[in-house]
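Here the structure comes first, spelled out in structure tokens, and everything after it is commentary.
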Amino acid sequence: MTPARLWSGFGEIAKLLLLPALLLAGLLLLDRCSDKPDPLPGQTARHDEKAAAASAQAIGAGVVARNADATIHVDLTTKEVHDAFQSLPPAAPTAEPRALPAAPVDRLRDRINEGVARANGAAGPADPAG
């Protein structure tokens with residue numbers, strides 16, 4: 195039996211009652227499936243706020259712990275270096291202080307002047323004041 199033949203077998207009153215009932219059932223189903231706004235947005239926001247605060251506190255506690263750990267390591271390393279310097283024997287006294295080697299002043303001056311000349315050449319000619 196085809197649907198058209200089945201439909202034609204209903205009486206007019208049955209068709210009038212069945213069609214609105216099916217339409218109403220479809221609308222109710224559509225309403226249940228649609229996205230509804232959150233019934234308690236204030237509570238959801240408060241829950242999110244508490245979760246964010248808990249995350250921030252956990253991150254802060256982790257930073258404090260790592261900072262304390264790093265401080266301990268820095269203090270230990272500083273103490274080791276200090277102790278190593280203290281354990282060195284004193285320098286032998288000399289009659290004359292040791293002379294320092296000559297500083298490469300000429301080479302340094304020449305390199306600075308070359309750098310200034312390159313910068314001036316790259317800048318181009320100066321505009322006349324006017």
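Residues 195 to 324, numbered by the numbering used here, are exactly what the sequence shown covers, in order. Note that CB positions come from ideal geometry on N, CA and C, so glycine has one too. Computed from a predicted structure; not experimentally measured.
Return helix, strand or coil for T288, following the three-state DSSP convention. coil
Alpha carbon of A342 to alpha carbon of Q280, nearest angstrom: Nothing in the structure corresponds to residue 342, since the chain is present only between 195 and 324.
Span of the alpha helix (DSSP H) around L270: 235-281
Between which two residues does the alpha helix (DSSP H) carrying L294 extend? From DSSP, L294 is part of no alpha helix (DSSP H); its letter is neither H nor E.
Among E290, G220, E308, nearest to D300 - alpha-carbon criterion: Of E290, G220, E308, the residue nearest in Cα terms is E308.
Compute the Euclidean distance between the alpha carbons of R305 and P298, then round it to the nearest angstrom. 11 Å
Measuring only the C-alpha atoms, how far is A293 from A286? 16 Å
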